[in-house]
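Notes for the one structure printed next.
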Amino acid sequence: MKKLLLLIFFPIFAFSQNKEEAEIKVNEGIILHDEGNYNAALAKYDEALNLDKNNLLAISEKAMTLEAVKRYDEAIEMCKLAIKTYPNEDVKTIYITYGNSLDHAKKPKEAIKIYDEGIKKYPDYYQLYFNKGITLVNDNQIEKSLELFQKSITLSPNHPGSLNALAALNRDKRIISILASLRYLSVDNKTSRAQGNLDSVIDLMQQGVTQTDDKNITLSIDPKVVEQAGQDKKGKNNFSTVDMILSMTAALDFDEKNVNKTQCEKAIDKFVSIFAGLKEGQTKQKGFYWEFLAPYFIEMKEKNLVEPFAYIAFLPNQAEDVKKYHQDHADKIQSFYEWSKNYVWK
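In short: position in the sequence shown from 1, add 1, done, that's the working numbering.
And the structure:
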């Protein structure tokens, strides 16, 4: 009886030991991948798979590294293996690698099919919508991609990639782009992408306003904006009235009482006007940006947090007044982040 027990126990023990050793190899591979040493990482994943055949973590990481080195066909095969071998396991990240590899291999239709398969299985995973959206952008299907970025940001409101995409793809819709960029800056104000969003906000806020000489300012407003602002438009995401408010506020930058204000202080004036305009139009308008993004900024103003937010948004420029504000008013900065973290998305 004792010998029989040993015969049963030993294979289980060996299997467990092999799995643990395989995971050690995978972790070593992940470190190498993060260092950019992809070939060495792949070797570690193969060692792991030799120890524990079809180890899911090893397959998943190997597929991602194969995608990183543009060996897309091999990455696709690894993804197929994982999905087939583990039908009841959580393989949502495998679908991301699978779809990305197909997209990079110039097979957008196949990539979209895989993303859709993943979405059907994991309907609450925002990355699947986001990555499908990127594929649609590359395939020049912009309107469809916007719907997917909207979906991904509702599932994960702090996702920088989705916010950046909404800001960039709505560049011709000034207020929408500004709101998306400002929301982006509330979650990231340190990277090069943050700098790009801030530059976009500054540029859009000054759009149509020029100083021709010391006493004259030219204010150009798109006739379509004026037309839409003068009617109770039934369409969605009409920000024409807010757009006009911004233009008039931007013109005040050149007023004598404002000429000595810093760039950030002038931006605060514009933010307050924009957010007040959002509050005023909230009950009359509809659409994703009115219903999802606008309430965030309306509440921000109601909580008297526009000032610290502006200094957070302008940090990428590293202006002395902005850095000093962060040093002198760390409590206000923290208050903003606490509010933003606990904000309840509609």
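C-beta atoms are modelled at their ideal positions from N, C-alpha and C, and glycine is treated no differently.
Practice task
Could you check the C-alpha separation between LEU279 and LEU147 for me, to the nearest Å?
Solution key: Here the C-alpha atom of LEU279 lies approximately 22 angstroms from the C-alpha atom of LEU147.
Exercise for the section: Use the C-beta contact count for VAL345: other C-beta atoms within 10 angstroms, 16 or more gives buried, fewer gives exposed. Expected result: It is exposed - the Cβ of VAL345 has fewer than 16 other Cβ atoms within 10 Å.
Handout entry: Cβ distance (whole Å) where TYR127 is taken to contact SER153 below 8 angstroms
Key = Confirmed, about 4 angstroms.
Exercise for the section: Take LEU180 and list the residues in its own chain whose beta-carbon comes closer than 6 angstroms to its own, dropping the five residues that flank it on each side. Expected result: So the qualifying residues of the chain are LEU294.
Problem - Local Cβ density within 10 Å of ALA64, reported as buried at 16 or more and exposed below that - result: Burial call: buried.
Handout entry: Min CB distance VAL138 to chain D below 7 angstroms
Key = Looking at the structure shown, chain D is missing, and only one protein chain is on hand.
Exercise for the section: Give the single residue among ASN318, LYS304 and GLN319 whose Cα lies nearest to the Cα of LYS333. Expected result: Among ASN318, LYS304 and GLN319, the Cα nearest to that of LYS333 is on LYS304.
Practice task
Whole angstroms is fine: what's the gap from GLY162's alpha carbon to PHE131's?
Solution key: Each residue's Cα considered, the two are about 8 angstroms apart.
Problem - Helix, strand or coil at TRP346 [DSSP, three-state] - result: In the displayed model, TRP346 falls within coil according to three-state DSSP, outside both helix and strand.
Exercise for the section: May I have the straight-line CA-CA distance separating LYS54 from THR136, to the nearest angstrom? Expected result: When rounded, the distance between both Cα atoms is 33 angstroms.
Problem - Ranges of the alpha helix (DSSP H) found wholly within the region 244-327, counting only runs of at least 4 - result: Entirely contained in the region 244-327, the alpha helix (DSSP H) runs reaching 4 residues are, in chain order, 264-282, 295-303 and 307-314.
Practice task
Rank GLU90, TYR87 and GLY37 by C-alpha distance to the C-alpha of GLU68 and give the top, closest one.
Solution key: Looking at the Cα atoms, GLY37 is the closest of the given residues.
Problem - Cutoff 6 angstroms; reference SER102; Cβ partners in own chain excluding five residues on either side - result: Sequence-distant partners of SER102 (beyond 5 residues in either direction) whose C-beta falls short of 6 angstroms from its own C-beta, in its chain, are GLU68, TYR73, ALA76 and ILE77.
Handout entry: C-beta contact flag for PRO317 and ASN159 at 7 angstroms
Key = No; because the gap between Cβ atoms is not below 7 angstroms, this pair is not in contact.
Problem - C-beta atoms of ILE177 and VAL243 nearer than 7 angstroms - result: No, the pair does not count as a contact, with Cβ atoms beyond the cut-off.
Exercise for the section: Have a look at PRO124 and LYS85 and give me their C-alpha separation to the nearest angstrom. Expected result: Roughly 20 angstroms separates the two Cα atoms.
Problem - Close beta carbons around LYS271, own chain, < 7 angstroms, minus the five adjacent residues each side - result: A distance below 7 angstroms between beta-carbons, with the five flanking residues on each side excluded, links LYS271 to the following residues of its chain, in chain order: MET206, LEU247, THR250 and ALA251.
Practice task
Over the uninterrupted alpha helix (DSSP H) stretch that includes VAL188, give me the two end residues.
Solution key: Bounds of the alpha helix (DSSP H) holding VAL188 are 175-188.
Exercise for the section: Please report the residue range of the alpha helix (DSSP H) in which GLN128 lies. Expected result: Residue range 127-139 is occupied by the alpha helix (DSSP H) that includes GLN128.
Practice task
Identify, in the order they occur along the chain, each residue of the same chain with its Cβ nearer than 8 angstroms to the Cβ of VAL307, setting aside the five sequence neighbours on each side.
Solution key: Within the same chain, VAL307 has close Cβ partners ILE269, PHE272, VAL273, PHE276 and MET301.
Practice task
Using three-state DSSP, classify ASP1 as helix, strand or coil.
Solution key: Because the chain here runs from 2 to 347, residue 1 falls outside it and cannot be looked at.
Problem - Own chain partners of GLY134 with C-beta closer than 6 angstroms, once the 5 adjacent residues on each side are dropped - result: Excluding sequence neighbours, GLY134 sits near SER146, LEU149 and PHE150.
Exercise for the section: Express the C-alpha separation of VAL202 and VAL227 in angstroms, rounding to a whole number. Expected result: Unreliable placement is indicated for VAL227, whose pLDDT of 49 sits below 50; the coordinate value is still reported in the next sentence. Between VAL227 and VAL202, the C-alpha separation is close to 21 angstroms.
Handout entry: Exposed unless 16 or more other CB atoms sit within 10 angstroms - verdict on PRO88
Key = By the neighbour-count rule (16 or more Cβ atoms within 10 Å), PRO88 is not buried but exposed.
Problem - Proximity below 7 angstroms, CB of VAL70 to CB of TYR99 - result: Taking 7 angstroms as the Cβ cut-off, VAL70 and TYR99 do not qualify as a contacting pair.
Problem - Spatial neighbours of ASP254 in its chain, beta-carbon cut-off 7 angstroms, leaving aside the 5 residues before and after - result: LYS267, listed in sequence order.
Exercise for the section: Verify whether the separation of the beta carbon atoms of ASN238 and GLY282 is less than 7 angstroms. Expected result: No, they are not a contact pair.
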